[in-house]
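What follows is a single structure, written as structure tokens, with notes after it.
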Amino acid sequence: MNPGEAVRFPKVRPRALFASRPVLTFLIVVAVWIGASFVKPGFGAFGHLRYLVELGAVVGLAAIGQTFVVIAGGIDLSVGAIITVSAVGAPLVALAFDESGAFAALITLAAATVIGVLNGLGVAFLRAHPMIMTLAMATFLQGLLILLAGGSAISAQSPLLEWLGSARPGGVPAGVLVWAIASVLSLLALHATPFGARVFALGANSLAATLSGVNVPATTVAVYAISGLTAGMTGLLLLGMNGQGYVGIGDPYLLSSIAAVVLGGTSILGGSGTYAGSIPGAVLLVTITGLITVVNASPGWRSILFGSLILALLLISGREARRR
Amino acid sequence: MNAIESASLRLYWPAQRQRNRGAGGLLIVVAAFLALYAYLFPGLLSVGGVAKFAQSWLPLAMVSMAQAILMLAGGVSLAIGAMVSLGAVIAATTMAGPLGVAGGAALVMIAGLGVGAACGVIVVRLGLPAIVVTLAASFIVGGAALLILPRPGGTIPAWLSDLLAGDKPVAAWLVIAVVVFWKLYLATPLGLSLYAAGENPDAAYRAGVPVDAARILAYAVSGLLATCAGLFVAAKTGSGDPVIGEAFTLNSIAAAVLGGVGFLGGKGAMRGALAGSLLLSVMINVMYFLGFPPVAHYIAQGLIIIGAVALPEFSARRRAL
Amino acid sequence: MTPAPTLAARGVSKSFFGNAVLREVSIALQPGRIHALLGENGAGKSTLINILSGALLPDAGAVEIDGRVFRGLNPRDAHRAGIAVVQQELGLTTQLSIAENIGIGALPRRYGLIDYRGLARRARAAMDLVGLNEDLATPVGDLPLGRRQMVEIARALFREPRVLILDEPTSSLSAHEVETLTALLDRLRAKGTAILYISHRLNEVMRLCQHVTVLKDGVVTADRPIEGVEAADLVRLMVGRDTGHLFPAWTPSADRDPIIQVSGLSSGVLRDIDMSIRRGEVLGIGGLVGQGQEDLLLSLYGALPASARTAEFNRQRNLPASVRRANALGLAYVPADRKREGLHLIHAIGWNLMLPSLARAFSLSLRDRSKERVLATALADRFAIKGDLTRQVRALSGGNQQKVALAKWTPAEPQVWLLNDPTRGVDVETKREIYALLRRLASEGKAIVLSSSDTPELVHLCDRVAVMREGRIVATIEREALSEGAIVAAAMGADPLRTAA
Amino acid sequence: PSEAAAAAKCIKGDRKPPFTIGWADIYSVPTWMKETQGTIEKEVDELKKQGLVSKLVVTDAQGDANTQIQQIQSMIDSNVDAIILIAGSSTAPGRVIADACAKGIAVINFDSLVDTDEVTAKINTDSAQWGASAAKFLVDAIGGKGKILVLNGPAGISVSDDRRKGAEPVLKANPNVTILAETNTAYNVAPAQEAVTNLLFAHPDIDGILSLGGALSAGAVLAFDKQGRAQVPITGENARQFLELWKAKNLKAWATMQPNWLGAFATYAAVQALSGKDVPAFVKIPLPVIDNSNIDQYLAKAKDFPADGYIYSPYDQKLFDELLAQK
Ligand SMILES: Nc1ncnc2c1ncn2[C@@H]1O[C@H](COP(=O)(O)OP(=O)(O)OP(=O)(O)O)[C@@H](O)[C@H]1O
Ligand SMILES: Nc1ncnc2c1ncn2[C@@H]1O[C@H](COP(=O)(O)OP(=O)(O)OP(=O)(O)O)[C@@H](O)[C@H]1O
Ligand SMILES: [Mg+2]
Ligand SMILES: [Mg+2]
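Protein chains in written order, with the numbering used here: chain A, 3 to 326; chain B, -15 to 305; chain C, 2 to 502; chain D, 59 to 385.
Here it is, written out as structure tokens:
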């Protein structure tokens, strides 16, 4: 590196790294884990922490697409419905020749991606606001579910889903493995490819992006397609973990995917952020949920505690990040 | 002042008219739906018909305004539903007691203003993202509602229910009262500052606009509207329910966005949000009278929502060509 | 002993993230005097006026109003003390009406409500001062850039200030509007207003101001009456060395084949435009502000739907249907409103410089960061964009932002540059560099289309100037006939030199 | 007149067959609701054949009690002859239902009940008895002492509150049974599995699970299974997944049900009331019990039911008539 370049691109100081939202969120997760294991010994058991990460994988997978969409300046309110549709729909495409269930999974993922593409087309070409487009899509999918759900009595279990839901190669739950691979790919796509740069450009200023030659419609369609795909993956994982898809299985993951993204430091206004923050964000959310479950209190108090914890943690990470 | 001069100095009403432009397409769609509804159900065009319809629309109208105010200020709230529930349970547990209707209503308003302002202070002063702060608030407020009333119950004095939700179109008058309240609010310097503070807070601050105060006030007013919507729901149903408001969160966002209120602050007008909520509300009745089965409901609802935003977009583009 | 200045800064210093931007700067504004504040882009002018008006707090030093020291001055206090600022970057609220924008922050009230009658009357008076004749109720979002600038000025006048601070008020104004403003400032000065005037247009400064303070790298290098100072001296004080002519020598280039030819182009306000753009020329687009210049550039760039009877772009038939198509045909566009259309403010400078290349690259190829760094460094060096390129663009001064908006296109080696007021807010030194760059590009056989509100720029730089009025090209003035007078005359509709485009 | 005197509440006797039935569904998408809707449609087809019913109008409030009120209002506006409903809130629809009743519309409320009495009839199993029976089974199954988890439905909902309240006296009477923790989740598998797994780690010894409905039990069984813990006695409902797990894991379990044919029965009762028959104000449906003695009968029918559905007990008109005859 020549000296001019060193001035132009100074090395990131380690201290600055520690003040970054992803790292900070990660540290908070670790702190909560340590704190909770003192209060509730069972909380810190390896098996429990592993389970929390496994749950985090579900939220985290859904948060992949949500991160792309939010960075691109949109929001996807149909992830919950897409998750449900794939979890309920996957057993319906079980085919006789397809013994592993892989083919059915592929069809399901393809369908979920197509739903995402439709979202993207609506946002890009009908110019419908992302909230409106994806909310309307969620409504459509509810209608679709009335037709799909309960119509058939095929049992869901295929070897692939069984593996996804309960295998632990090398002690790592399969879902976590899938999540890890998907995370690496998304981080690469977001930060190491021109496509990722376009996503950031689109979210920060779509007009300037257009005038800079970015293919805004194509990029828009792509991010929603990614969101559909990862929601589909989430649906399959849930199906594997619960042995059964049911209507409403995806509902909790709409708000939690958004919360994970924002807790991880991605701006809801678009244009800035990273999936690296959504990862600890997702684990943080399931950790708090787990923590609240073991607290003995009335439902009202538990709800209050949950909200207060989120707020308190946000205060720590949010404030630190702003000091930069 | 001569006539020509006064003509060139007209400001308030022309400025109001200008703000119709963005909402024009939607207003036409809404009018069409209302006409269709009246055609399918002629009973709408009676005092009782208007009364009943206004009763079902009013809470959604109020929460849509509560949401739109925040969006104009560059925020958003996921706690609207919980605030409605809170308003409802406070009303249902106090109004029949020693506090009476007036005391209960005051408590509802104080709770709305207070919780709203607290959210506002956290978002504005601490610079935290509104969406997560209000998500947290939704759990806290929802929890508080459950503590006040762990299961549906409580009562609202019958005369109040009969007054607000009887056969007289009191709810319709309330819609008008809320709109007047909003226009008054927007006619105060702090109210109008909402637009400037929402669109470009830095520039507004430099122009001497009390940005933080305007935004915190917006949160407080939003909270007030939400808990008052809860009070009305409680009166309409004669009782309290700690989870009655849940659906209002997403519906309020849908109505506001449908009405052209933007997410980045300072974009859109309240009439759009009101029109959006009216569309969402009347749509339910129209589909019923058209005899749609539930599957068709879902499909049609999606199509109507997309259509209402896409059609004006297309007609606008054709004009541009 | 002179009376206490109306507004003064005493030894103020300010740094951002450890970079000193102002070092012990003092400045004193006297009533009845127009005080010029000069300096290169990034010298700290805007920062200084932000401190004077309470928008920023100094790290050290103090602000005095009428001799009284103010600590923790905020914009509201400053307004109350009679200080009004026209900010460099537009800060209007698009949905509100002109009148509401003018009044906001100081709305007249009655029974706690806004007094709309009073607001209308006073806003109209302020608008009359700056020559805005639009309807009071027009939403500001409907106005073109230049008119919005006038609204900003009217907003400052609305407060009937004792101190008026103008940060590059003329950067998006046309000659005609500049006239109006100049006359207005003279009148205000005569009435005893203290005025601080920032501009990169030295001729304006020489004509208007009585006193000058020059900033260089955050330090005052001169503070003296303007009488007896030459423009060249001022440049030397700002830049720190002798410089040559602002405009490069004009030499006709050899290559004069048309690269773009359109006839009957219509779009938006554009009516039936015939034009040809040749390789190796700088084609100026002149006219009053908002006569369709921007629409013309945008429709050539595929960013506005347009139709044409015939069109030939780089030997391809048809108008480009999209920006990407235009880029592929070798066109690049640099917008006037760099904040909204040109740059991604929250992203790094280096990232902005790379965006057009990234927009063209294959989606899922891996980015080569080290190559990007080399390229970005080279671009920054070439355009004299100083410092760390990992900072956000929004931390750059206005002029430097403009350089980024221009520089980012060079790696694409466009054949046709569509430039919309590219020197808006750019300091003289950078202007000189940009002018030299444009001529060099032209001599390399590239075509430049330069729309500018700065008439001297058109006169000295262009091979031809097409003057627009109401969406039409009303005249095309060849090099030999070019003069400011000819352009203004054509723009105002009094041109005898009318020739075919 | 004599007929009118005997007539059920709300009925004025001015409505003639064939009747229009309004089915104000709170949320039509969940499988339990779809199955219920199936029984209603079947019953309506039957009644149509008899010329008693002309039309079934269905609304779907998408889970929102406010929307349900609006839709019931529309039913009143369009003058249906009967409204059958599952209430989205035990209090909210009270006033609109009373309006309907005052207009002479037969109102039959089943499953989730409203507090108001201004209805023709309410039809339901006894939630308190549900909770009590479940608790009794569990206490017996763990030998009268031990540590248990209690899985409740969502907070703030009457049904889940009532079931829990029903269990309370039984638990009180057995002080050796301690409650380690309680949960409130939607009546679904995933949240229950999540909560129980978290609780498994916090509490090393769990002797039994008092699950008060829906698919919660299946979630708990899956949680134990996945964490490799030995299954414990558990109560539950007739969700097919739970019954299948019960058999597969050889559980010590007990289940009851909220029969889906309540829908069909409500339809039948509405027509009976409109036809001038007397209908009791409250029809209490005896709780069917599923235990090891009869689980195979239920599982034998499993294939006729959706994989995420509920296997309900058989019904016929004779059963309905018997239920209506009760006092
Ligand atoms: N000029 C108008 N044309 C039609 N309706 C109007 C007009 N002015 C007010 N209203 C009524 O007022 C209601 C809400 O108030 P309004 O829409 O004026 O708030 P607003 O648009 O947010 O205010 P502002 O325009 O200042 O932002 C609308 O639903 C509409 O019925
Ligand atoms: N908010 C900020 N954060 C970081 N750096 C800033 C900020 N504001 C200004 N600077 C830096 O301070 C320096 C001075 O900026 P300033 O805007 O005062 O320059 P200027 O003299 O007005 O330039 P121009 O003529 O281009 O407008 C620049 O280097 C700029 O990068
Ligand atoms: Mg500046
Ligand atoms: Mg500048």
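Backbone N, C-alpha and C fix where the C-beta goes; we use that ideal spot for every residue, glycine too. All of these numbers come straight from a predicted model, not from anything done at the bench.
- Judged by beta-carbon spacing, Ala210 (chain B) lies beyond the 8 Å limit of Ala76 (chain B), meaning their Cβ atoms are not closer than that value.
- Boundaries of the beta strand (DSSP E) around Ala239 (chain D): 235 to 242.
- The residue among C:Gln96, C:Asp243, C:Ile50 with its C-alpha nearest the C-alpha of Leu248 (chain B) is C:Gln96.
- DSSP places Ile183 (chain A) in the helix class (H, G or I) of the three-state scheme.
- Bounds of the beta strand (DSSP E) holding Phe340 (chain D) are 340 to 343.
- With its beta carbon less than 8 Å from one in chain C, Glu183 (chain B) belongs to the interface.
- Taking the Cα of Val125 (chain A) as reference, the smallest distance to any Cα among A:Ile30, A:Val225, A:Phe48, A:Leu189 is reached at A:Val225.
- Among the CB atoms of chain C, one or more fall inside 8 Å of the CB of Ser214 (chain A).
- Within chain A, the residues Thr141 have their CB atoms less than 7 Å from the CB of Gln285 (chain B), given in chain order.
- Close to Leu97 (chain A), with beta-carbon spacing below 7 Å, lies no residue of chain C; the smallest spacing is near 31 Å.
- For the C-beta of Leu131 (chain B), the chain A residues within less than 8 Å are, from N- to C-terminus, Ser300, Gly302, Trp303, Ile306.
- Among the bridge pairs identified by DSSP, Met469 (chain C) is matched with C:Ile474.
- Against chain C, the beta carbon of Ala171 (chain B) has neighbours under 7 Å at Leu114, Ile115, listed in chain order.
- Here Val247 (chain D) carries a helix assignment [DSSP, helix/strand/coil].
- Gln285 (chain D) is positioned such that its CB atom lies no closer than 8 Å to that of Gln246 (chain A).
- Along the stretch 188 to 199 of chain A, there is no position whose C-beta sits under 7 Å from a C-beta of chain B.
- The shortest C-alpha to C-alpha distance from Lys42 (chain A) to any of D:Asp184, D:Ala66, D:Pro262 is the one to D:Pro262.
- Within chain B, the residues whose beta carbon sits less than 8 Å from that of Ile312 (chain A) are Val116, Leu119, Ala120, Phe123, listed in sequence order.
- In this structure, DSSP gives Ile50 (chain C) a helical state, which the three-state scheme calls helix.
- Judged by the Cβ position, Leu397 (chain C) qualifies as a neighbour of ligand 2 at the 7 Å threshold, a heavy atom of the ligand being closer than this.
- Judged by beta-carbon spacing, Ile74 (chain B) lies within the 8 Å limit of Ile132 (chain B), meaning their Cβ atoms are closer than that value.
- DSSP places Arg222 (chain D) in no beta strand (DSSP E) but in the uninterrupted alpha helix (DSSP H) bounded by 216 to 231.
- Rounded to the nearest whole angstrom, the CA to CA distance from Leu114 (chain D) to Leu171 (chain D) is 21 Å.
- By the neighbour-count criterion, in which 16 or more other beta carbons inside 10 Å mark a residue as buried, Glu226 (chain D) falls on the exposed side.
- In this structure the stretch 107 to 122 of chain B touches the stretch 54 to 71 of chain B; the number of beta carbon pairs closer than 8 Å is three or more.
- Under the three-state reduction of DSSP output, Asn352 (chain D) falls in the coil class, being neither helix nor strand.
- The DSSP-derived three-state label of Glu479 (chain C) is strand.
- Taking a Cβ-Cβ threshold of 7 Å, the residues of chain A close to Pro278 (chain B) are Ile148, in chain order.
- For Phe384 (chain C), the shortest separation between its Cβ and any heavy atom of ligand 2 does not lie below 7 Å.
- Residue range 212 to 217 is occupied by the beta strand (DSSP E) that includes Lys217 (chain C).
- With a threshold of 7 Å, the Cβ atom of Thr48 (chain C) counts as near ligand 2, since some heavy atom of the ligand is closer than that.
- The beta carbon of Gly273 (chain A) does not come within 8 Å of any beta carbon belonging to chain B, so the residue lies off that interface.
- Under the rule that a run must span 4 or more residues, the alpha helix (DSSP H) segments found entirely inside the stretch 125 to 193 of chain C read 146 to 159, 176 to 191.
- Under DSSP, Ile84 (chain A) shares a beta bridge with no residue.
- Residues of chain D whose Cβ lies closer than 9 Å to the Cβ of Thr221 (chain B) are, in chain order, Ala123, Asn124, Ile127, Ser147, Thr149, Ala150, Pro151, Gly152, Arg153, Val154.
- For a Cβ distance threshold of 8 Å, nothing in chain D lies close to Val293 (chain B): the least Cβ distance comes to about 20 Å.
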